[in-house]
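Notes follow the structure.
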Amino acid sequence: MARPRKRKRPTSVDEFLTNAPVSKKQKVRNGNSQSSVSSRSQHPVLCQYYPHVQSLREYIITQLPPSSKIRRRKVSSIGIVTKPFDAPLSDAERSLGSLLDTTLVGHSNFTTEEVPHRMDEWKNFSQKGDESYVTLSNGVTGFVESQALILEHVVRTMFSREKSTKWPDHLLCDGFRRNGSMELRVVRPNHYVEALQRPPWPQLLALLGESGDRIMINLLLDCAIFVSVDTGFNNLCQISGRSLSSVNSYRPESAFEGTSRAKSTSELVFVRNRMFYARPALNARGQVHFGLRHIHVLNRCQIQKLDEKQDVETRTHITQQNEAHTLKVMMYMFPRQFGLHNVFTSKVNLKETSQRLKDYTLREEEIFAKFGRLGDTGARVKTPKRLRGHAKDLIRKLQVLHQRCSYSQLLQHYCPVHPSANDPANQSESDKFRRHTRKSKGKIRKVTRQSQKTIHLPQWHRNFPVTELATSSAAVSSFCQAVLKKVIPRGFWGGGLTASQNELQFLKKVDLFMSLRLYESIALHELTQGLKMIDIDWLTPPQLVGNKTSLTDIQKRREILNEFLYFLFDSILIPLVRSNFYVTESNTDKYRVFFFRHDVWRSLVEPAMIILKGKILEEVSLGEAKSILDARRLGLSHIRLLPKGGQMRPIANLRKRVPIRGSPKKLGPSINKILAPAHKILQLEKTVNSGKMGSAMFSVGDIYERVKHFKSGMPNLPARFYFAKLDVQSAFDTIPHTAMISLLDSIPQQRRYRISEYLEVSPSIATRGNSENYKSNPVKKWSSLAIKDNDHSTFIQRLENGQNTAKRDTVFVDLYQKQYETSEVLQLVASHIEQNLIKVGKKYYRQKQGIPQGSILSSTLCNYFYADLEAHFLPFLNSDDCLFLRLIDDFLLITTDKSKALRFVQILHQGVPEYGATVKPEKSLVNFDLVIDGQRVPKLVDGKPFPYCGTLIDTETLDIARASNHDQANTIFNSLTVEFSRTPGRTFQRKVLNAFKIQCHTMFFDTRLNSAPTILNNIYKAFVETATKMWAYARSLPAAKQPSSNIVIKTIQKLSETAYVLLTSRTRKSRYPDYECDIKKCEVSWLACNAFHQVLSRKQSSYTKTLAWLKARSTELSLLKDIRHSRVYAVV
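Position one of the sequence shown corresponds to residue 1 (full-length UniProt numbering), numbered consecutively onward.
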C-alpha cells in the first residue's frame, strides 16, 4: 500500500521569517505572550480614548480568517523562544516580534467583517488579481513595494472620503494636498508614511500571507497605531490614525446618556482668579466707586418707581421697562432655562477666553440675537413655567434690595481704613486660618464719607511690609456676607427654619471661598452640600404644590437651584470683590492672598509707579506706539506691582492673551507664545554649545553634580574652603540694551532652524494606576522642540535622545514642523528687548533699559549675558581650585585660594558698568574677614553651614543639607494648596506623598557626597516637614472631610515605603551612575515614625490613635537586627 503523499511546503518569504516549522503543541516557557501583551495593552491614556485597545499581535490574530490555523500559530509564535534548545532568533524575527508585542492598536468598532467594496477598490487601484497561490520569487522586495502601494491607496481613500476641500484628519495625510480632482501632490515629506515603509512592516505584510493586504488596509484606515518609545516607562508615539489632539475622550457611560451630557457640579470649579488684579472703577471726580460696576446687570436693569403724578402712558411704559429688566435679570440668572449659553451644557470658545469657563458679565448681544430688544412690542419671550409667579417676585425684590443697599457704608463698617485694623498684633493665629462664619456684633452705624484723596496711611520704612496695610480675609468675608444678606431675598432660601439653615450654609461657603489661597477654589458641588432643596417653595411649580415629588421633578429643581447658586458666586460675589478690592499675592508669602481696598492700593501704587517711570520707563507718543505695534506681531505688555517686603516689584504678564487688533472679541497669541520659537532655538544652542553659558545653573538641582565633581578633586578633606556669595542688584532691569543685542547676534550658529510642534498626552493624577477611572480626562500638553535645519533624525529618535526619561505612560504625537530664518528670529527678539511697550492707564511707555521680566526669554538671556561678563572679567576662576556657581543673579564662589576669593569680591563690589552690574552689599556673605572701601562685608558665623539657594553647604566637608524655614508654621500654611474634592482620602494621601517627593533631591541623599549623619539628618528633616504639612493640610480641610486615624496611619505606611523606593530607585541610579544611598528600609521607616511622632505629639487630642501606633511601630523596628542603632539614634 502506497504511503500518503506528503504535502510540500511552498518556498516563500515565510521561510525567510521562520527558520523551523511550527509545532502544533508549542508552548511558551518564558511566560504566556498573550497575558504579557494584554497587561501592556491596558494603557492608562489609550483606554480613555478607545473602547478597544490591543497589541498588534492580538489585533492581527482577531483579523485572520478562522480557517488560517497555521497562519495564526505563526503570528502567535514569531519572535518568541519556545524551548531552550531551539535555534536562536534571527534579527528579522526578533524585530518583528518586538513590533507585534510593543505596538498598540486603538479602534472603536471591534469587528472582523469586511467593509463592502474595500477590497474591490484595492484590486482596481493595484490592478492585480488574487495572488495568494503565487510564490513570490523576489522575496521581501516585493512586499516593500506592496506596502508602499497600500499606503498610497490608503491616503487616496481618505482624501476621497473627505467631500469638502478640508484636509482629512489623519496622520498619514499630512504633507499631501489635492492637485485637481483625485490627484495628490507632496508638499512635504510624511514621516509616518516613511516609518510604515521601513522594516519590519514589509516583513509583517509577508507574514500575513493572502490576508495581508486586507488586514493592513483595515489597520491603517480604521485604527490608530502607537509604537513604543525607548525612553521613560511605557511611553508611546502615534504613527497612524486620527491625531489624539482631535479625538474626544471615551466614556463608557456616554452611550446611555446620549450625545449631549451636562457637566456635573463637581466639574464646575469657580474661576476664582477673575477677582485678582482688578482695576478700580472711578467716578467723575476721579475717586474710587464702590459697589458693583455700572456694567453689572443689576445696575443696568433697575426698577423705576411709579408716581401717581405720572400720566397713564408714562406709567405703562415704566411698567413695561420694569418687566423687561426683570426678564433680563432672569435670563442672566437662569440662562439654561432660556436656551442661552451656560456653563452646564455649552462649550467654551477658546478663541474668546483663556479661562476654563466663560465670563457672563455681558450677554446683551446674545439676548438681542435670540429674542430681540426686550420691552419692544415685537419681542415676545416665553417665561419658563417654573420661573413664573413666586420666582419672578423674588427676582424683582432682589433688584429693589440692590438699589437700596449702601455698599460704601458696609465697606467702611467692615473694612475701615486705619492702621489699627491692619495691626498684626490685633490678629490672633486662629483668625488667620479660621474656617467658620464670622458674625458682626452690633448694628451698622451711620458713617461719614471719608474723602479718598485724604487717606492717611502710616509711614513705613523698607523693612515694614506693604502687606500690613491689607484688609484681612475675615473682614472681607464679613463684608461680602453682609452684602449678600441684604441683597438676596430670604425667600430664595425657603421658608421658616429651612431658610435660616440654608442661608447659614451658603454664608459658610462664602467665608470658605474668601479664605482660600492663591491656586485654590471650590466646585459647585461643594456649594450645594448641606442645602435643603425640598423646602424651597419657589422651585416648586404652582400646579404641583402639595403633590408627591417625582424623580424628574427633583432633577429639575436641582437644575434650577444649581443655576441660581452659580449666578450668586460667579456674577455677584466675584464681581463684588473685584469692584471693591485689589486682590493679589506677595513675593514673600507664597500662596497667601491679600485684599487691599482700591483706594488704599492706589495710594500705595502711585508713588511706586512714579519711581518706576523715572528709572526704567520712558513715555512714548500715541502715534509712535501705533507705528511700532503695526510693524510687528508683538503686542503690548501690561504691568502690575507685586508687594515685596516694603517695596513693590514690577511684574509684566506676557503670558496673557490679548484681543486681536480689529477684532476685540477674539484673543490672539500672547507675547510669550510668539517668542516661543526664539526660546526653543536658544535652548537648543544652550545644549549644543554649553560652554557659552559659563557657570550658569538652570535649577537648584544643578548644584549636585557641580559640588560632587569639585569635591572628588579634593584629596584631603576636611579642608579650608573660602566661600563668597554675591547678589546682583536688579539684574533684569539693569542690563544695557546695546550690549545684549550685540551678544545675541553671536549665539545662533545656524542660518535657519526648524521648530517641531508635538503633543504630549499623559494620564491625570487620579487615573495613574487605575485605568478604569474615567472621571478625570487625560492631560494634554502642546510642546515644541528646535531642530537644526540639517538634522534629519526622526521624531522618535529625538524623543529617545531628549530629556524624556522621567515621562511615564505618555503618548507623543508629532504634529508639524515649521522653518524659521535666524535673521528674522533675531530681529523679533531685538524688537522685544528694545521696543518693549507698556501701557499704563491711557499712556504708552517703553522700557529704556533691562530685559522684560515675565518674558519667556528673560532667564536665558540673563544667563548668556552674565556668562559673557564671567568670560571677560572673571577668567581667573576657571581653575581646578575654584568652584563657581551662578543661578541667574546669585553668585557663589568656593575656592581653596583666598586671593581669588578676595579678587572676586572686589571686582563685583566695584561694579561692572559695561554690563550694568552692581552688587547689594547687605546681601553679600563670606566666611572670612573682609573689608572693602572701609566697609566690612557680612561674615558667616563660625561653625555654621553656608546658605545658598535653599541649601546649606558645610564649609569644611562640602556636605549639603536642606535649609529649614524659621517661621515654619506660617510658611507651611501659606505654601499649601488644598483640594476640596469628592475623594478627600485619596487626595490627602497624594498630597502627603508629593510633599516628600519635592524634598527628595539627589544631592541630599548621596552617600558619596555627604556623610552618613548628614544623609540621615536630611531624611529626618524631610519627614518632619512632611508631617508638618500633613497636619496643616488636614487642619485646612472642613471637619467632614478631615482624614480618619486609619487613613493617616495608612498614609504614613505608604510614605515610608515610597521614600525608600525613591532613595534607592534604579531610575535615579541610571540617571546618576555614581549615585549611592547607604540606607536600609527599616531605618527609613524608623526615621519616619519618629519624625511624625515628634510633630503630632504636640496635637495629641486629634491623633491619639495615630501616636499609639507610631510608638508601637517605632519599638518594633528598633528590635530588628538590620537597623544600625548608633546611626539613627544620633539623629533624633
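All residues carry an ideal CB built from backbone N, CA and C; glycine is no exception.
Sort out for me which residues DSSP pairs residue i with in a bridge.
{"i": "S756", "result": "L785, Q817"}
{"i": "A523", "result": "V269"}
{"i": "P659", "result": "L667"}
{"i": "I610", "result": "None, per the DSSP bridge assignment."}
{"i": "A696", "result": "R886"}
From the DSSP output, in three-state form, read off residue i for me.
{"i": "G106", "result": "strand"}
{"i": "Y845", "result": "strand"}
{"i": "M648", "result": "strand"}
{"i": "residue 1136", "result": "Absent from the model: residue 1136. The displayed extent of the chain is 1 to 1132, so no value can be given."}
{"i": "P778", "result": "coil"}
{"i": "T951", "result": "strand"}
{"i": "N235", "result": "strand"}
{"i": "Y59", "result": "helix"}
{"i": "S1044", "result": "coil"}
{"i": "S879", "result": "coil"}
{"i": "P643", "result": "strand"}
{"i": "A995", "result": "helix"}
{"i": "E598", "result": "Before going further, note that residue 598 is His rather than Glu in the sequence given. Correct three-state label for H598: helix."}
{"i": "Q935", "result": "strand"}
{"i": "Y738", "result": "Residue identity check: residue 738 is Thr in the sequence provided, not Tyr. Of the three classes helix, strand and coil, the one that applies to T738 here is helix, per DSSP."}
{"i": "I960", "result": "strand"}
{"i": "residue 1133", "result": "Residue 1133 is absent from the structure shown; the chain starts at 1 and stops at 1132."}
{"i": "T471", "result": "strand"}
{"i": "V329", "result": "helix"}
{"i": "A724", "result": "strand"}
{"i": "V381", "result": "coil"}
Should residue i and residue j be called a contact, given that it needs their Cβ atoms to be closer than 8 Å?
{"i": "L410", "j": "F479", "result": "yes"}
{"i": "Y414", "j": "A475", "result": "yes"}
{"i": "S746", "j": "K680", "result": "no"}
{"i": "A1022", "j": "Q999", "result": "yes"}
{"i": "F1004", "j": "N994", "result": "no"}
{"i": "T860", "j": "R751", "result": "no"}
{"i": "L815", "j": "Y758", "result": "yes"}
{"i": "V593", "j": "R649", "result": "no"}
{"i": "L1055", "j": "P984", "result": "no"}
{"i": "V381", "j": "L327", "result": "yes"}
{"i": "V1095", "j": "Y1020", "result": "no"}
{"i": "S1126", "j": "W1086", "result": "no"}
{"i": "A867", "j": "M693", "result": "yes"}
Identify, in the order they occur along the chain, each residue of the same chain with its Cβ nearer than 8 Å to the Cβ of residue i, setting aside the five sequence neighbours on each side.
{"i": "Q427", "result": "Since pLDDT at Q427 reaches only 44, below the 50 mark, its modelled position is unreliable, and no value is offered."}
{"i": "S762", "result": "V45, P778, V779, K781, K807, R808, D809, T810, V811"}
{"i": "A719", "result": "T896, E956"}
{"i": "N349", "result": "K358"}
{"i": "R94", "result": "G79"}
Spatial neighbours of residue i within its chain, please: CB distance less than 7 Å, with the 5 preceding and 5 following residues excluded, ordered by chain position.
{"i": "V229", "result": "N235, L236, C237, I796, L799, E800, F812"}
{"i": "N836", "result": "S637, R846, Q847, P852"}
{"i": "Q505", "result": "G530, L531"}
{"i": "D880", "result": "G713"}
Closer than 7 Å: is that where the CB of residue i sits relative to any heavy atom of the ligand NAD?
{"i": "V154", "result": "Of ligands this structure carries none, so the ligand NAD is not represented either."}
Does chain B have any CB closer than 8 Å to the CB of residue i?
{"i": "L902", "result": "In the structure shown, chain B cannot be found, because there is only a single protein chain."}
Counting only the same chain and skipping the five closest in sequence on each side, list residues whose C-beta sits under 6 Å from that of residue i.
{"i": "S831", "result": "R632"}
{"i": "residue 1154", "result": "Outside the shown range of the chain (1 to 1132) lies residue 1154, about which nothing can therefore be said."}
{"i": "P280", "result": "V288, H598"}
{"i": "V905", "result": "A724"}
> Are at least three pairs of beta-carbons, each pair with one atom in the segment 1006–1024 and one in the segment 1070–1090, less than 8 Å apart?
Replying inline: yes
> With a cut-off of 8 Å, do at least 3 Cβ pairs link the segment 571–580 to the segment 544–556?
Replying inline: no
> Between the segment 1025–1040 and the segment 975–983, do three or more beta carbon pairs fall short of 8 Å?
Replying inline: The segment 1025–1040, when compared against the segment 975–983, does touch it at the 8 Å Cβ threshold.
> Is the segment 597–612 touching the segment 522–541, taking contact as three or more C-beta pairs under 8 Å?
Replying inline: no
>> Would the segment 660–673 count as touching the segment 868–887 if we require 3 or more Cβ pairs under 8 Å?
In response: no
> Quick one: any contact between the segment 615–630 and the segment 488–504, if contact means 3 or more CB pairs under 8 Å?
Replying inline: Judged by Cβ distances under 8 Å, the segment 615–630 makes no contact with the segment 488–504, as fewer than three pairs qualify.
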